[in-house]
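S.K.:
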Amino acid sequence: MSQAIHPAPKGFAGPNTITKSRYEDDYSESVEHPEAFWARMAQRIDWMRFPTKIKDVSFREEDFRIRWFEDGELNVSVNCIDRHLEKHGDKTALLFEADDPDAPDESRHVSYHALHGMVCRLANALRGLGVGKGDRVTLYLPMIPEAAVAMLACARIGAVHSVVFGGFSPDALAGRIADCGSKLVITADEALRGGRRVPLKANVDEALKRPGTNCVETVLVVKRTGAPVPMQMPRDRWYETVVAGQPETCEPERMNAEDPLFILYTSGSTGKPKGVLHTTGGYITYASLTHECVFDLREDDVYWCTADVGWVTGHSYVVYGPLANAATTLMFEGVPNYPDTGRFWQVCDKHKVTIFYTAPTAIRALMREGDAPVRKHSRHSLRLLGTVGEPINPEAWEWYYKVVGDSRCPIVDTWWQTETGGILIAPLPQATPQKPGSAGEPFYGVRPALVDAEGRLLDGPADGNLVLLDSWPGQMRTVFGDHQRFIDTYFKTYPGMYFTGDGCRRDEDGYYWITGRVDDVINVSGHRLGTAEVESALVAHPKVAEAAVVGCPHEIKGQGIYAFVTLNAGEPATDDLRAELVGWVRKEIGPIASPDHLQWAPGLPKTRSGKIMRRILRKIAEDAPDQLGDTSTLADPGVVESLVRERLNRT
Ligand code: 6R9
């Protein structure tokens, strides 16, 4: 445990920065009188009808419900654009920085006024193509302004977007299209990342050959690289052509607060990825409030969150939160190490970025390159740093603080999940002195607690499983198409509580230290993968009989993927086959799911009832064979001995 405590540097606070006493007062009100507190917070949103019912929640199965602002009406695109036009029409809303710093169109400033026109034109075009309230639209796009425009255009007409990360394979894309029954897909000819081209349109073509995807009537294609792509008429249309000539205004759909805003697929411990569904009023109130408070947002900030819009961080803290707050939000198409490892800092200097929010995996990768690429750039504009996605090790925190932030910028370590919609635990930069490695204290309205394996609440400093005792407006409402799965996944382990799947320690000051997932979810570079997904991909290979996948420590990625594979009888275990299987998983799911290690397993350790004992495999993968723990329930202890021997031989 790190003992260091960093209070906000002198001179950090601005006139509206939240102080410790204000945080404490507001936090108390938020948990003691949630209705009054959230009715007050809802005033930050422009409602077409202000809600009179604020909160109606039960986490118990018999009368389960989560409803916020339920009779309120609003439109999220109006809140992110129209209401800013009078005062901030000329302010830059989206600041685009391309993959290649030397490209002729390397940056673009999209003002709120221009954004309004782009969103309205696309919204009109979508309506013209028969997309309406409640219809699903899949977005498979690079990090270009059109991605944000497409999200907002859906919100304007009440269509529900499902953004699929551009790094996912055609199969993964097909599964996500089929699950929510999308009518329309928006993609680009190609994406550019780190100088490499990703064939997005070709991937969509592949995906739409898969069963279950004939719900798709139209594919809109943005020209990004200009590469020739086959267009299949009448299904495929150029984005530019369909928006050209559309009116610059578009009547926004009146949405109920509890109408769906978007679906975002995320991995869980079992089964296929879940379509996490977020609704309208609670989500936007929560995303915008957390964005303002946690990042201490000011009028002239240039705010940069490096996440891709394919992840929840890109939804809440690249697009919705910042735009609802009339901020300038930077969208970066590229990667941290292209054309060199100083790219982040070059972009910070170029655009005078004041708030910078990234993931520990990126920080660790850059730390490994030493201080020189950072020091080459001034970084003078920076005043606040943030991290998200996984626990940050104190060494990386200190490097981020001292080298990147010149010991001048507080760091907000923000803990949250796709399911939570927005940040739940984080220091407020001035109110909470930061401890490297700890996400600090709960945000307004958030009631974290720790429980032991039996669900008993633990008091004071303790180590346990992290649960949430009450709802907050940004909470997901259901798993699309499977409400029972929502209840089973999150509210059954500890009845009456939301279970996060994370382990956590609370220290003597009430700070929370997330220790990582306690379920079968692996966090690779801040991206969630279910072990079951990788296992299914492996087992789908004709030569594989069985597979078990666990996480293992990885210096840069946080966790790597370690696969144990049993081949069909008589199948020779060759290095070629090993490489083939790694490539197979890459193709089935996407590059982020490539196993880092693949060990042949003549057998897998199982209980007598046939359950794979992952706990044991995890220890083998960690190379800690002396910590296997209780092995008395193993059906065949010989299996473990041979796996340990093999592991030792390899290293
Ligand atoms: C926002 C996001 C959620 C899981 C979560 C936890 C891990 C996220 C963290 C963190 C420690 C932080 N996680 N932020 N762990 N400190 N600041 O990442 O959502 O992709 O759904 O992942 O990520 O394990 O449960 P998502």
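Using this note's numbering, you'd call the opening residue of the sequence shown number 924 and step up by one each time. Yeah, the Cβ is synthetic: ideal placement off N, Cα and C, and Gly gets one too.
#1: Reducing DSSP to helix, strand and coil, say where residue 1207 ends up.
#2: Name the residue from 1099, 1315, 1263, 1264 whose alpha carbon lies nearest to the alpha carbon of residue 895.
#3: Does the beta carbon of residue 1236 fall short of 8 Å from some heavy atom of the ligand 6R9?
#4: With respect to the alpha helix (DSSP H) encompassing residue 957, which residues constitute its N-terminal and C-terminal limits?
#5: Should residue 927 be labelled buried (16 or more other beta-carbon atoms within 10 Å of its own) or exposed?
#6: Counting along the chain, where does the alpha helix (DSSP H) carrying residue 1431 start and finish?
#7: For residue 1234, name the three-state secondary structure that DSSP assigns.
#8: What does DSSP give as the partner residues of residue 1202 in its beta bridges?
#9: Since residue 1206 and residue 1184 should fall inside the 8 Å C-beta cutoff, what is the C-beta to C-beta distance between them, to a whole number of angstroms?
#10: Grouping DSSP H, G and I as helix and E and B as strand, with all else coil, what is residue 1039?
#11: So what does DSSP say about residue 1021, is it helix, strand or coil?
#12: Going by C-alpha to C-alpha distance, which of 1420, 1079, 1264, 1548 sits closest to residue 1378?
#13: CA-CA distance, residue 1409 and residue 1186?
#14: What's the call for residue 978, buried or exposed, on a 16-neighbour Cβ count within 10 Å?
#15: Taking 8 Å as the cut-off, is the CB of residue 1437 close to at least one heavy atom of the ligand 6R9?
#16: Would you say residue 1412 touches the ligand 6R9, meaning its beta carbon is less than 8 Å from a heavy atom?
#17: Buried or exposed for residue 1528, please, with buried defined as at least 16 other CB atoms from any protein chain shown within 10 angstroms of its CB.
#18: In the DSSP assignment, the alpha helix (DSSP H) including residue 1446 goes from what residue to what residue?
#19: If you measure from the CB of residue 1278, is any heavy atom of the ligand 6R9 nearer than 8 Å?
#20: Which residue marks the beginning of the beta strand (DSSP E) containing residue 1319, and which one marks its end?
#21: Leaving aside the five residues before and after residue 1138 along the sequence, list all residues of the same chain whose C-beta is less than 8 Å from its C-beta, in chain order.
#22: Does DSSP put residue 1034 in a helix, in a strand, or in coil?
#23: So, residue 1091 versus residue 1233, is the Cβ gap smaller than 9 Å?
#24: Under three-state DSSP, which class holds residue 1401?
#25: On the CB-based measure, 16 or more other CB atoms within 10 Å of its CB, does residue 1560 come out buried or exposed?
#26: At a cut-off of 8 Å, would you count residue 1425 as near the ligand 6R9, judging by its Cβ distance to the nearest heavy atom?
#27: Got a sec? Which residues, its chain only, sit under 7 Å from residue 1000 by beta carbon, not counting five neighbours each side?
#28: Just reading off the alpha helix (DSSP H) that residue 1280 is part of, what are its end residues?
#29: Can you give, in chain order, each stretch of the alpha helix (DSSP H) that sits fully within the segment 1058-1129 and has at least 4 residues?
#30: DSSP three-state label for residue 1167, please.
#31: What's the gap between the Cα of residue 1177 and the Cα of residue 1443?
#32: Spatial neighbours of residue 1564 within its chain, please: CB distance less than 6 Å, with the 5 preceding and 5 following residues excluded, ordered by chain position.
#33: In the segment 1232-1274, which residue ranges form an unbroken alpha helix (DSSP H) of at least 4 residues, counting only runs that do not cross its ends?
#34: Would you kindly check if the distance between the Cβ of residue 1460 and the Cβ of residue 1507 is under 9 Å?
#35: Residue range of the beta strand (DSSP E) that residue 1414 falls in?
M.R.: Checking against the coordinates, here is how it stands:
#1: helix
#2: Since the first residue shown for the chain is 924 and the last is 1574, residue 895 is missing from the structure and cannot be characterised.
#3: yes
#4: 957-964
#5: Exposed, because fewer than 16 other Cβ atoms sit within 10 Å of the Cβ of residue 927.
#6: No alpha helix (DSSP H) contains residue 1431, which DSSP labels as neither H nor E.
#7: Reduced to three states, the DSSP call for residue 1234 is coil.
#8: 1183
#9: 6 Å
#10: Here residue 1039 carries a helix assignment [DSSP, helix/strand/coil].
#11: coil
#12: Of the candidates 1420, 1079, 1264, 1548, the one whose C-alpha sits nearest the C-alpha of residue 1378 is 1420.
#13: 13 Å
#14: By the neighbour-count rule (16 or more Cβ atoms within 10 Å), residue 978 is buried.
#15: yes
#16: A distance criterion of 8 Å places the beta-carbon of residue 1412 beyond contact range of the ligand 6R9, judged by its closest non-hydrogen atom.
#17: buried
#18: No alpha helix (DSSP H) contains residue 1446, which is instead part of the beta strand (DSSP E) from 1444-1447.
#19: no
#20: Taken as a continuous stretch (DSSP letters only), residue 1319 belongs to no beta strand (DSSP E), being part of the alpha helix (DSSP H) at 1317-1322.
#21: So the qualifying residues of the chain are 1100, 1101, 1104, 1105, 1106.
#22: Strand.
#23: yes
#24: strand
#25: exposed
#26: yes
#27: 1042, 1075, 1078, 1079, 1175
#28: No alpha helix (DSSP H) holds residue 1280; the beta strand (DSSP E) holding it covers 1278-1281.
#29: 1068-1080, 1093-1103
#30: coil
#31: Rounded to the nearest angstrom, the two C-alpha atoms are 40 Å apart.
#32: none
#33: The alpha helix (DSSP H) runs lying completely inside the segment 1232-1274 and spanning 4 residues or more are 1244-1247, 1266-1274, given in chain order.
#34: In this structure, residue 1460 lies closer than 9 Å to residue 1507 by Cβ.
#35: Taken as a continuous stretch (DSSP letters only), residue 1414 belongs to no beta strand (DSSP E), being part of the alpha helix (DSSP H) at 1406-1414.
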